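Residue 1383 in this note's numbering sits at position 399 of the sequence shown, and the numbers go up by one each step.
A virtual CB, placed ideally from N, CA and C, is assigned to each residue, including glycine.
For clarity, every value in this text was computed on a predicted model and none was experimentally measured.
Following: one structure in structure tokens, then a few remarks.
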Amino acid sequence: MKKILFTLLFLFAAVAYGQDKVVKTVLELGRTDNRTMQHADYIARNIGGRLVGTHMLNHAEDWVAQQFRSWGFEVIVQEAVEIGIGFDRGPWSGRMLSEDGMTLHFGTPAYTAGTRGPQKGRALLEPKTQNEFDRVKGALKGAWVLLETGPESGLAIDATAKADSLRAAQLAQGEKASVPMYRQMVEAGVLGFIRPSKLPMQVLYNRAACFELTMDTLPTACDILLDEHQFGTIKQKVADRQEVILEFDIRNHFFPGPMKHHNILAVLRGSKYPDEYVMMGSHLDAYDIATGSTDDGQGVCVTMEAARLLAASGAKPKRSIMFCIWTGEEYGLLGSKYFVEHKTVPWDKISNYFNRDGGPLAAVSVTVPPAMYDDFVEVCKPLFDYNPEIPFTVNRRDGEAPARPTTAGGSDHAYFSMNGIPVISFRESDIFGHDFIYRDIWHTEDDLYDKLIPEYLEHSAVVQAVTAYGLANLDHLLSRNGLYKD
Ligand SMILES: [Zn+2]
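Structure representation (structure tokens):
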């Protein structure tokens, strides 16, 4: 009996030592061989923008899956989004040809028309009433029209029948239309429309229409968002009745779909509770006026590196750890919604889902309900003094539990939390004062690799790896007591 006890004690000690050794190795590799920025380099500078409907997003999915497999993970490729048409971009450029000329700084929303090679035409002011339209209708053919009506913030011009009828109603009441006379101008043969854009430029898509587009209903006129300063200069010249010739070359290409996109789910299978999970994730799809480096390339890189660090450290957790690279977030959290609603993992088997989608900042703390506090303190201990310049803290939530969210917003944690699954996340901080402001990059042309802050991302990968591993080794799932009010 004594011998058995001794053997058992030895085994426990060996397991505890094994855990310690894994954590030690993660901490060590996190310092000496941290590859977060290598992943970022590939995603941001090799692949770039990753919009739903593009070959680039499929390429990114393949690359992520291949990386996980090369580190020894079991990989689930889950189809979650389908769009009827495909859309790829090549380079775009434009110039004002008159006088000294000017290189134009512009973008186009996704799923809008390109040009057939370089196309030259006169700039014209938008007609806003039927009389104005009749006065210029002969000149509209082959012209670029400067619009002051239309949506803001980088959305595409609404070309639906609904917009047509709204404008018709406004014109019938003798009001100036708040939506452009789109259909009439397209029928009159314009090359495209030009709208002013604030800087940094935001370029999105037509959320209402992109999933309904078919090869027979593709837009034909370009939808250009131009630097508002250049727009003002051109508009003034045209208002002064000077002739302004503009030339655009825009390689926006449609091709027949359907295009299918996937969640890439990497599993480190648990030894004792293989059907229970600690989860973390980020979204792979991104707007494509820039390279989606921050939103959410940085999240993907941190999630991937947390996985790689654990694999490289020989982690064999008791509970499974799942690393989720979601698709279709920018279109309404499509990938994570699909995952949760299809109960890919039963809701009561998820200990916590950690989401990372935001600035390229350092994970510095976690605030948890009282019932989770002791577990998090135990698990996060190795992080407290890992980097004395970025001290990590675990805080107990004060006061009442929040109500469970009933609407989906924000990011990929939403459908988890709406269904009562814990989504404790790390607080992220610009602790060294790199002057990062999310609004500067969010969905803009400035969401580029050079906005990433390596020391923060590398640190965060270690924090996520150590925390997930510790939670996966507890002998219980995290308590949901006091998580939400109900
Ligand atoms: Zn995002």
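According to DSSP, is residue i part of a helix, a strand, or is it coil?
i, result
"K1005", "helix"
"C1206", "strand"
"A1270", "strand"
"E1083", "coil"
"P1258", "strand"
"M1021", "helix"
"R1380", "strand"
"E1066", "strand"
"W1055", "coil"
"D1072", "strand"
"E1412", "strand"
"G1033", "coil"
"A1044", "helix"
On a CA-only basis, which of the options is nearest residue i? Give me that one, please.
i, options, result
"T1311", "K1302, P1301, F1323 and S1304", "F1323"
"R1119", "P1111, D1396 and Y1337", "P1111"
"F1071", "N1236, V1361 and D1017", "N1236"
"F1410", "D1269, V1262, H1397 and N1339", "N1339"
"F1215", "L1188, V1129 and A1299", "V1129"
"T1092", "L1188, H1039 and F1117", "L1188"
"H1089", "D1359, Q1103 and D1211", "D1211"
"S1181", "H1326, D1382, A1392 and D1207", "D1207"
"F1307", "A1156, V1048 and A1387", "V1048"
"M1199", "I1178, A1456, Q1051 and F1238", "F1238"
"A1274", "I1069, G1074, T1016 and D1382", "G1074"
"I1478", "S1444, D1233 and P1406", "What the structure shows of the chain is the stretch from 985 to 1470, and residue 1478 is not part of that stretch, so it cannot be assessed."
"A1147", "H1418, S1162 and A1156", "S1162"
"D1332", "F1360, M1288 and F1400", "F1400"
"F1195", "M1040, L1458 and P1242", "P1242"
Could you give the C-beta distance for residue i and residue j, rounded to a whole number, given that I count them as a contact under 8 Å?
i, j, result
"L1436", "Q1186", "Their Cβ separation, rounded to whole angstroms, is 20 Å, which puts L1436 and Q1186 out of contact at 8 Å."
"Y1095", "L1197", "6 Å"
"G1254", "P1301", "6 Å"
"L1081", "E1231", "6 Å"
"M1169", "L1124", "6 Å"
"S1277", "A1064", "Wrong, their Cβ atoms sit about 23 Å apart, outside the cutoff."
"I1309", "N1247", "7 Å"
Check whether the Cβ atoms of residue i and residue j sit closer than 8 Å, and answer yes or no.
i, j, result
"V1006", "Y1453", "yes"
"A1205", "A1107", "no"
"H1267", "G1319", "yes"
"P1366", "V1450", "yes"
"A1291", "A1250", "yes"
"E1439", "L1345", "no"
"P1258", "S1304", "yes"
"G1126", "G1105", "yes"
"G1392", "A1398", "Contrary to the premise, residue 1392 reads as Ala rather than Gly in this sequence. The answer is yes: Cβ separation under 8 Å."
"R1380", "P1354", "yes"
"S1335", "L1455", "yes"
"D1431", "S1395", "no"
"V1036", "H1245", "yes"
For residue i, report the span of its alpha helix (DSSP H) as first-last.
i, result
"I1405", "Segment: none, I1405 is in no alpha helix (DSSP H) and carries neither H nor E."
"G1319", "L1318 to E1325"
"R1100", "It is not in any alpha helix (DSSP H) - R1100 carries neither H nor E in the DSSP assignment."
"L1130", "Where L1130 is concerned, there is no enclosing alpha helix (DSSP H), although the beta strand (DSSP E) it sits in stretches over W1128 to L1130."
"I1218", "E1212 to A1223"
"E1439", "P1438 to A1456"
"E1171", "Y1166 to E1171"
"S1149", "A1145 to A1156"
Ends of the beta strand (DSSP E) at residue i?
i, result
"V1284", "Here V1284 belongs to no beta strand (DSSP E); instead the alpha helix (DSSP H) covers G1283 to A1296."
"M1243", "I1229 to L1252"
"W1310", "R1303 to W1310"
"T1351", "A1346 to V1352"
"F1177", "G1176 to S1181"
"I1334", "I1334 to N1339"
Taking only beta-carbon atoms, is residue i less than 8 Å away from chain C?
i, result
"D1142", "The structure shown has no chain C; it contains just one protein chain."
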